[in-house]
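Notes for the one structure printed next.
Numbering (this note's numbering), first residue to last: 69 to 217.
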């Protein structure tokens, strides 16, 4: 079994979306991008994935320029192609077309020598859903603390 190491986690995604399904995808990257990822210079907030021409693309994922790659550096916010199996791609494309559903990146991690991304199919939460989730979390925490006493 290969070791995996979390690089960036999109904590905001689980707050803003109800995650219905999770899956793993590969990333098509330039050499300076993978070096920046290994240095933990990634920001997933505001990122999303969208299908286009039978492929899935990651948009608004900020990978900082690698300082040592002066000449062959990458564009920080460029769209990046995601690698999936055909059946996964077809299912995600159909889901993304439905109203209210979106594909959000949950985390980027290194598995073996490759950078992988965990995607989640999410449905947007309303403000009262968010409040209810926070109240439920607080209630569970208080019950745990009361149990310890």
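Glycine included, each C-beta is placed from N, C-alpha and C at the ideal position.
Residue i (DSSP reduced to helix, strand or coil)
{"i": "residue 207", "result": "helix"}
{"i": "residue 157", "result": "helix"}
{"i": "residue 165", "result": "helix"}
{"i": "residue 194", "result": "coil"}
{"i": "residue 148", "result": "strand"}
{"i": "residue 81", "result": "helix"}
Minimum C-alpha distance to residue i - residue among the options
{"i": "residue 221", "options": "134, 186, 143", "result": "Residue 221 lies beyond the stretch modelled for the chain, which goes from 69 to 217, so this question has no answer here."}
{"i": "residue 105", "options": "86, 114, 181", "result": "181"}
{"i": "residue 118", "options": "152, 111, 74, 101", "result": "152"}
{"i": "residue 99", "options": "163, 188, 141", "result": "141"}
{"i": "residue 115", "options": "168, 187, 165, 161", "result": "187"}
Residue(s) in a DSSP beta bridge with residue i
{"i": "residue 74", "result": "177"}
{"i": "residue 170", "result": "190"}
{"i": "residue 182", "result": "179"}
Segment contact, 8 Å Cβ cut-off, at least three pairs: the segment 91-108 with the segment 191-207: Counting Cβ pairs under 8 Å, fewer than three are found: no touch.
Length at least 4, wholly inside the segment 84-124: the alpha helix (DSSP H) runs in chain order: 99-106, all fully within the segment 84-124.
Inter-stretch contact (C-beta, 8 Å, three-pair minimum) for the segment 166-177 and the segment 75-86: With the cut-off at 8 Å, the segment 166-177 and the segment 75-86 touch.
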